[in-house]
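Going down the list, the protein sequences come from chains A and B. No gaps in the numbering here: position 217 of the first sequence is 419 in the numbering used here, and each next residue is one more. No gaps in the numbering here: position 412 of the second sequence is 614 in the numbering used here, and each next residue is one more. Glycine included, C-beta positions come from ideal geometry on N, C-alpha and C. Fair warning: this is a prediction, and the values are worked out from it, not measured in the lab. Take a look at the structure set out below.
2 protein chains.
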Amino acid sequence: MSLRVELVAVGTELLLGQLTDTNTVHVAQQLAGNGIDVLGTHAVGDNRARIAATLRAALERVDGVITTGGLGPTVDDLTKEAVCDALGLETELHEPSLRQMQEFFASMGREMRENNRKQAEIPRGAHVLENPRGTAPGFIAFDERGKFVASMPGVPREMKPMLAEYLIPLLRERYGIAEAITTRYLHTINLGESEIDHRIDDLFRASENPKIAVLAHEGQCDVKIMAKASSRAAAEEMIAPLEREILARLEGFVYARDNESIGAAIVRLLAERGRTLATAESCTGGRLASAITAVPGASAVYLGGVVAYDNAVKIGELGVAEQTLEEVGAVSERTALEMARGARERLRTAIGIATTGIAGPSGGTPEKPVGLVWFAIDDGKQPQSWSFTFRGDRDAIQRRATTMALGLLWRVLDRS
Amino acid sequence: MSLRVELVAVGTELLLGQLTDTNTVHVAQQLAGNGIDVLGTHAVGDNRARIAATLRAALERVDGVITTGGLGPTVDDLTKEAVCDALGLETELHEPSLRQMQEFFASMGREMRENNRKQAEIPRGAHVLENPRGTAPGFIAFDERGKFVASMPGVPREMKPMLAEYLIPLLRERYGIAEAITTRYLHTINLGESEIDHRIDDLFRASENPKIAVLAHEGQCDVKIMAKASSRAAAEEMIAPLEREILARLEGFVYARDNESIGAAIVRLLAERGRTLATAESCTGGRLASAITAVPGASAVYLGGVVAYDNAVKIGELGVAEQTLEEVGAVSERTALEMARGARERLRTAIGIATTGIAGPSGGTPEKPVGLVWFAIDDGKQPQSWSFTFRGDRDAIQRRATTMALGLLWRVLDRS
């Protein structure tokens, strides 16, 4: 059976172009992946009558409408009221949600205001969609024709798990949707999009289901394999041989599958090899440490690091020689190597990694332009160093240098 | 006079979530800034009947519709046909556009195909919107009521100049729009959306122009003041008194105006007060340093920091007493205070800030649950400490703890 829906994003800021509506893209992707057809999407302001009119019109065209946003506690959060108008329902207090919210505020040591209470109200007879990440519950309400409006919060971190764990399973169950698309991501690093195309072009052309796509990000590319089948197991069987072939062709560049981040892949490799890591950062300013400490369990292999922004800190905390800084400067191969060794020795780890460069916008010279970054990895046996010049603004340079450092570290670990 | 429009983005890929619709955001921004009200936006697939139905419905609600996409040469480019259906018009060949296209292809040394010819056709009686960057012209067509549909290509590089140089001037001229909107942002931290709503609710309700809105992010909120006036100066005059009143009511929580980040506000305050900063991070794992080093010029006031993930690093690099760790543990007020002092003393700065907590998912206990974070700031005179328990997953806890640390640091600096 098929299910046809429209999406409605609520928020005046969307109509003013002050916020990019990433929710609609995410919901559309997830629904498509789960065999649910999206026939149209809409954004409407915080206006009760217009939201209700948009919902009514959509319900004439499709089986159901999914809304994001407008469930907050403020006076201009009106989605719930508009849904009731459109479906001819009253709201009622949902006690379990109210209790959950009271516990939430208690745990934050904050007092719950009266206007938060409103968030625990849902249309009479609606099913609650739980919000494991926040206060406001979502809900799905039906009209007498059996058509539905499902409403979720606009905060992506709250909406995404609600969609994946509650709304999509509920809709697939209720509408008996069997087919689904299973997607396998292979994450590569330090390999260009055109190089990947070149290596897998024939597979790319040969295969319709599973379908292959290459997505390029900041300094890394994902190869996406999508298989449409009636069960996940069947889809995995279709994906497996293609995945093996692609892994073989991209050998040494695929650092992780599916949702594993490069940081998680590094933490996993360090744990597998029983080694510990310390970071010494200048231009990346803590981003490298952040990428690693973002991984649960990182503390077992990552002991710590130094953000050595000032030369005095490079000398005092990492033991970089004053002579080195005088002779070749802070942005140099020797400084990077001494920082990496210093981090390893001072923090007593197996491996030290260092970054030093010019993030800009100022500080560049003809010999050392903005974007020049030196990297070093010291394992106590064979110190290695690299330099690259990154383009873009300060943020882009810091992000790309961090991605590169992670990629270099992963490759060194992968081969060790 | 006012002009009310809706936007329609055409393309099946938008409904599959394969493409983020940046056109709608851009058009909405430009129209808002030029005093043209957007009442709703829509995305619809490459389906002639659905595009036409969407246009007809919108024209019942507003003065005009602006579409992007679906003007290309392929069989699934159907916007023009749908516009003709909606307005009851035929298409006609626009000779000047045909010649321009022929010249364009000639200049590219490419032969123009028959299907490109179709791009030179426009609804009978429509005005052409020139396309200085590509082949397909845009157009604006009117129905007998004087309502319009304006269609532009979906390629942003072609759409943006067509909008700025042709469509917006034409609309402002035709509808005699003198007004433009000026927006002021006030960035607050450590104050909940509902608390802000509570404090300014009356202003919120009282004022239509300037209009007030509250936008919530990760642990911080922006208050937005939008004034519609015939000049920027006039708008600023309307904003000023309201801004003063809101600043008074949110005193101690507004860290910046317009585009300044909390990190930039901290770097500015440090520079103004001639003070230097060092960070000592456990659970925030480098995110605090990252937020500060993201600011151009941070190196003048931020000397560096230590990511002290392992206790040995807290002891060795920050001088935390082994006895402290044995007696009260790493996640404690005493450890936070010793880390902050250690950072200040070791890195020889005026101020040291420290974070130590349990980011999870594991490591929590009944006394010290996941999410508990201690913060300390040491200025060599009056060390201060705070503790909060944050909710959410590891990433949320790390992000919220970082935002809280920045907020605490900003408040301490603001009062010093």
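Distance between A:Val572 and A:Cys286 (C-alpha atoms, nearest Å):
Cα to Cα, A:Cys286 sits roughly 57 Å from A:Val572.
Just to confirm, is the Cβ distance from B:Glu519 to B:Val508 under 8 Å?
yes
Using DSSP with H/G/I as helix, E/B as strand and the rest coil, what is A:Leu505?
Residue state for A:Leu505 is assigned as strand, using DSSP reduced to three classes.
So B:Leu300 and B:Ala322 are in contact, right, with Cβ under 8 Å, and what is the actual spacing, rounded?
4 Å
When the Cα atoms are used, what is the spatial distance from B:Ala450 to B:Ile402?
10 Å
Is the CB-CB distance between A:Lys426 and A:Tyr457 below 8 Å?
no
Interface positions of the stretch 502 to 516 of chain B facing chain A (Cβ-Cβ less than 9 Å), listed along the chain
Tyr504, Leu505, Gly506, Gly507, Val508, Val509, Ala510, Tyr511, Asp512, Ala514, Val515 and Lys516
Please tell me whether A:Pro325 and A:Leu289 are closer than 8 Å, where the distance is taken between their beta carbons.
yes
Here's the rule I'm using: 16 or more other beta-carbon atoms within 10 Å means buried, otherwise exposed. How should A:Glu529 be labelled?
Answer is exposed; the Cβ neighbour count stays below 16.
Using 8 Å as the threshold, is the C-beta distance between A:Val212 and A:Thr269 below it?
It is a contact, given that the beta carbons lie within the stated cut-off.
Give the DSSP bridge partners of A:Trp588, in chain order.
A:Phe577
Quick one: what does DSSP say B:Thr341 is sitting in, helix, strand or coil?
The sequence as given places Phe at residue 341 of chain B; Thr does not occur at that position. B:Phe341 falls in the strand class under three-state DSSP.
If I measure Cβ to Cβ from A:Arg359 and keep anything under 6 Å in the same chain, skipping five residues before and after, which residues do I get?
Arg335
Beta-carbon contacts of B:Leu217 that lie in its chain and below 8 Å, excluding the five residues immediately before and after
Ala245, Val246 and Gly247
Roughly how many angstroms separate the alpha carbons of A:Pro568 and B:Gly554, rounded to a whole number?
Between A:Pro568 and B:Gly554, the C-alpha separation is close to 36 Å.
Helix, strand or coil, according to DSSP, for A:Met314 in the structure here?
coil
Please check if any C-beta of chain A sits within less than 8 Å of the C-beta of B:Ala491.
yes
Distance, B:Val207 Cα to B:Thr256 Cα:
13 Å
Return no unless some Cβ of chain A is closer than 8 Å to the Cβ of B:Thr390.
no
Name, please, each residue of chain B whose Cβ falls closer than 7 Å to the Cβ of A:Glu262.
Within 7 Å Cβ-Cβ: nothing; A:Glu262 doesn't reach chain B, min ~10 Å.
Give a yes or no on contact between the stretch 470 to 477 of chain B and the stretch 401 to 419 of chain B, applying the rule of three or more CB pairs nearer than 8 Å.
no
So B:Asn236 and B:Ile379 are in contact, right, with Cβ under 8 Å, and what is the actual spacing, rounded?
7 Å
Please classify A:Asp404: does DSSP put it in a helix, a strand, or coil?
helix
Measure the Cβ-Cβ separation of B:Pro363 and B:Ala338 and say whether it is below 8 Å.
No Cβ-Cβ contact shorter than 8 Å links B:Pro363 with B:Ala338.
Can a CB atom of chain A be found closer than 8 Å to the CB of B:Ser204?
no
Under 8 Å, with one C-beta from each stretch per pair, do the stretch 575 to 582 of chain B and the stretch 596 to 616 of chain B reach the 3-pair mark?
The answer is yes - the stretch 596 to 616 of chain B touches the stretch 575 to 582 of chain B, with three or more Cβ pairs under 8 Å.
Applying the 10 Å Cβ sphere with the 16-neighbour rule, what's the burial state of B:Thr243?
buried
Rounded to whole angstroms, what is the Cα-Cα separation between B:Trp588 and B:Val614?
Distance between the alpha carbons of B:Trp588 and B:Val614 is about 12 Å.
Could you tell me the distance, in whole angstroms, from the CA atom of A:Leu505 to the CA atom of A:Thr551?
7 Å
Taking B:Ala480 and B:Leu608 to be in contact with their CB atoms under 8 Å, please state how far apart those CB atoms are, rounded to whole angstroms.
The Cβ separation is near 15 Å, so there is no contact.
Ignore the nearest five residues each way along the sequence and tell me which others in B:Leu417's own chain have a CB closer than 7 Å to its CB.
Within the same chain, B:Leu417 has close Cβ partners Cys423, Asp424 and Lys426.
Do the CB positions of B:Glu215 and B:Leu221 come within less than 8 Å of each other?
Taking 8 Å as the Cβ cut-off, B:Glu215 and B:Leu221 qualify as a contacting pair.
Taking the alpha helix (DSSP H) that B:Pro298 belongs to, which residues open and close that run?
Glu297 to Ser309
Restricting to Cα atoms, I'd like to know which of B:Leu393, B:Gly394, B:Thr385 and B:Gly488 is closest to B:Glu445.
B:Thr385
On the three-state DSSP scale, how would you describe A:Gln220?
coil
In terms of residue numbering, what span does the beta strand (DSSP E) encompassing A:Cys423 cover?
In the DSSP assignment, A:Cys423 falls within the unbroken beta strand (DSSP E) covering Gln422 to Ala431.
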